[in-house]
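So the sequence shown is numbered by our numbering: it starts at 874 and just counts up by one.
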Amino acid sequence: MTTVDTAPASGRRVRLAPLQPRTLSLAVAAALVIALTALAALLPVPYVILTPGPTANTLGVDGRNGDVISISGHASYPASGHLQLLTVSLYGGPGRSVDLLQALRAWFDRADAVLPERSLFADKSEKQVKQEDDQEMQLSQSTAVTAALNQLRIPIGRRLVIQAVAGDAPAKGVLEPGDQIVQVDGKAVSTPDQVRAGIQAHAPGQTVAVQVLRAGKTLDLTVPTRDASGKAQVGITPALDAVYPFRVSIRLQDVGGPSAGMMFTLGIIDKLTPGDLTGGAFVAGTGTIDDAGDVGAIGGIQQKLVAARRAGATFFLAPAANCGETKGAVPSGLQVIKVAKLQDSLNALQAIREHRTASLPSCS
874 MTTVDTAPAS GRRVRLAPLQ PRTLSLAVAA ALVIALTALA ALLPVPYVIL
924 TPGPTANTLG VDGRNGDVIS ISGHASYPAS GHLQLLTVSL YGGPGRSVDL
974 LQALRAWFDR ADAVLPERSL FADKSEKQVK QEDDQEMQLS QSTAVTAALN
1024 QLRIPIGRRL VIQAVAGDAP AKGVLEPGDQ IVQVDGKAVS TPDQVRAGIQ
1074 AHAPGQTVAV QVLRAGKTLD LTVPTRDASG KAQVGITPAL DAVYPFRVSI
1124 RLQDVGGPSA GMMFTLGIID KLTPGDLTGG AFVAGTGTID DAGDVGAIGG
1174 IQQKLVAARR AGATFFLAPA ANCGETKGAV PSGLQVIKVA KLQDSLNALQ
1224 AIREHRTASL PSCS
C-alpha cells in the first residue's frame, strides 16, 4: 500500500488516503497504453502520402538556374502571364518511410492522398525510383521540344543511334550508347528496322561489321552475335534521335517524371512566337506529351488542382483521360478545361485570350 504526505500552507500535515491496488493497476495500465500508442504512432507504415507540391512558371525563372526555358540560335520573344507546371510532393516510398501518425493526419486532409507503397513502387529501390524519374523528365523535355517544333512546322533532323547496350550483350565493350550507326555489313542504314534486319541476316554466333560515328570519328567495328530464339542478336537498342536546328534548354531542379511535358511544350511555343499565348492570364496544367502532340494521363491530379489554385491559377488544362478524377476535387475559382491534344490546349489558350471561356470543354 502506498501513502503520500503533503504539507499544506497551514503547516499541518495531512495524511492522504492510500491508493487502492486496483486504482494503481489502472493507472499503470493507462500509462502503458498511452506509451504504446505513442510508440505505435511513430512506427513506419507501408504507405506513401501525396500532397500538393511546388509549381513553376515555364515562362519564368527557376531560382538560380535562370529561365526555365531558354532558346539560342533562333529568334525568341518575351512572354507574360503564367503557363504553370505542377508537381506532387511525395512522402514515403523506398528509403523514405512515413509513420502511422503522418499517414492518419494525411488521411483526414482532403488535399492529400494516402496510397499503399507497393501500388506506386512495387519492389523498386530508392536508386531505381530516382533514376526512372530523372529519365522520364529528360524524355519529357526532349519530346516537348519535338512536339513544339512539329506544331510550328519547324523541320527536325533525325540520326540513328544506339540508345542502350545490354549489360550482358555481345556488343558490350564494342558499341556504346550514343554511337551513331552509319552502316551494317557495308550497307547504309537509317532506321532501327534496317539495323535489326542487317544483324539477323547472320546466323547466331557469326560476327557483324558495324560502322559508327563516335565523338566525330568514324569507327569500323566487328561485333559478335548470340542466339536469341533462333535469330542473331548483338544486344543493342537502336533508335532515331532528334537533331534540332537550334538549342532549347529546360532547367528545373528537383522535379522528376513525365507529367510536365505538355506545359513545357506550350512554354516553348510561346517563346518561339510573338505575342502571349495566355493573354496575361494565370493558366496551370499538366499532362504528358508525345511527338504527335497527344496529351496523356498523369498521376496526382487532385493534388495538382489544389496546388494550381494555391499558386493563383484561374484556369487548369487537364488531360481528358484524367477527367473522371477531378469530380468533387476542383477548388472554387478554378476552371478545368479538358484537353486531349496539344491543339486543344492552344485552342483553349486562344479562347482565354479572347475571353470566350464559357464554351470551353470541361471535365464535368
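We treat Cβ as the ideally placed atom computed from N, Cα and C, and that holds for glycine.
So is T1095 buried or exposed if we call it buried at 16+ other beta carbons inside 10 Å?
-> exposed
Which term fits A995, buried or exposed, when burial requires 16 or more other beta carbons within 10 angstroms of its beta carbon?
-> exposed
Starting from Q1067, trace the alpha helix (DSSP H) both ways and give me its first and last residue.
-> P1065 to Q1073
Q994, enclosing alpha helix (DSSP H) - first and last residue | In the sequence on display, residue 994 carries Phe and not Gln. Here the alpha helix (DSSP H) through F994 covers E990 to F994.
Assess, as a yes-or-no matter, whether the region 959 to 971 is touched by the region 924 to 938 under the definition of 3 or more beta carbon pairs within less than 8 Å.
-> yes
Complete runs of the beta strand (DSSP E) confined to the region 1013 to 1097 [at least 3 residues] = 1030 to 1038, 1053 to 1057, 1080 to 1087 and 1090 to 1097
Where do the N-terminal and C-terminal ends of the alpha helix (DSSP H) with L857 fall, by residue?
-> No information on residue 857 is available, as it lies outside the stretch 874 to 1237 that the chain covers here.
Could you tell me the boundaries of the alpha helix (DSSP H) in which N1220 lies?
-> L1215 to R1226
Under the assumption that T1098 contacts V1081 (Cβ atoms under 8 Å), give the Cβ distance between them as a whole number of angstroms.
-> The beta-carbon distance between T1098 and V1081, rounded to whole angstroms, is 6 Å. This is short enough to meet the 8 Å contact definition.
Any idea what DSSP makes of T876, helix, strand or coil?
-> The pLDDT assigned to T876 is 37, lower than 50, so where the model puts this residue is not dependable; a value taken from the coordinates is nonetheless given after this. DSSP places T876 in the coil class of the three-state scheme, outside both helix and strand.
Between the CA atoms of A903 and S883 - distance to the nearest angstrom | Note that S883 scores a pLDDT of 49, beneath 50, so its modelled location is shaky; the value from the coordinates is reported in the next line. The alpha-carbon atoms of S883 and A903 are separated by roughly 34 Å.
Determine the burial state of V1116: buried for a count of at least 16 other Cβ atoms within 10 Å of its Cβ, exposed for fewer.
-> exposed
What is the DSSP secondary structure of A979, reduced to helix, strand or coil?
-> helix
DSSP state of K1200 mapped onto helix, strand, coil | coil
N-terminal and C-terminal residue of the beta strand (DSSP E) that I1141 is part of | It is not in any beta strand (DSSP E) - I1141 instead sits in the alpha helix (DSSP H) that spans G1134 to L1145.
Specify the secondary structure class of I942 as computed by DSSP and reduced to three states.
-> strand
Is the region 1187 to 1205 close to the region 1001 to 1016, with three or more CB pairs under 8 Å?
-> Taking one beta carbon from each stretch, the region 1187 to 1205 and the region 1001 to 1016 have fewer than 3 pairs nearer than 8 Å; the two do not touch.
Can you give me the start and stop residues for the beta strand (DSSP E) that H947 sits inside?
-> Unbroken run through H947: none, as it is neither H nor E.
List the whole-angstrom C-beta distance separating V1057 from I1072, where the pair is believed to meet the contact cut-off of C-beta under 8 Å.
-> The Cβ separation is near 7 Å, so the contact holds.
On the DSSP bridge assignment, give the partners of S962 in chain order.
-> Under DSSP, S962 shares a beta bridge with T924.
Sequence-distant residues of its chain with Cβ nearer than 6 Å to N1195 (five each side left out) = A1170 and I1174
CA-CA distance, T1146 and Q1014?
-> 19 Å
Buried or exposed: where does Q1126 fall if 16 or more other Cβ atoms within 10 Å of its Cβ makes it buried?
-> exposed
Extent of the continuous beta strand (DSSP E) run through S819 | Outside the modelled stretch of the chain, which goes from 874 to 1237, sits residue 819, for which no answer is possible.
In its own chain, which residues sit with a C-beta less than 7 Å from the C-beta of P1050, not counting the 5 before and 5 after it?
-> I1035, Q1036, A1037 and V1038
Could you check where the beta strand (DSSP E) with P1192 kicks off and where it finishes?
-> F1188 to P1192
Measure the C-alpha to C-alpha separation of I1210 and L988 and round it to an integer number of angstroms.
-> Answer to the nearest angstrom: the Cα atoms are 27 Å apart.
DSSP state of K1104, grouped into three classes?
-> Strand, per DSSP.
When we look at the beta-carbon of Y920 and count the other beta-carbons within 10 Å, is it buried (16 or more) or exposed?
-> Classification of Y920: buried, given that the 10 Å Cβ count is 16 or more.
Thinking C-alpha only, which one of A1180, L1092, P1065 and G1103 is nearest Q1079?
-> Taking only the C-alpha atoms, the option nearest Q1079 is G1103.
Could you name the residues of the same chain whose beta carbon sits closer than 7 Å to that of P1204, not counting the 5 residues immediately before and after it, in chain order?
-> L1178, V1179 and R1182
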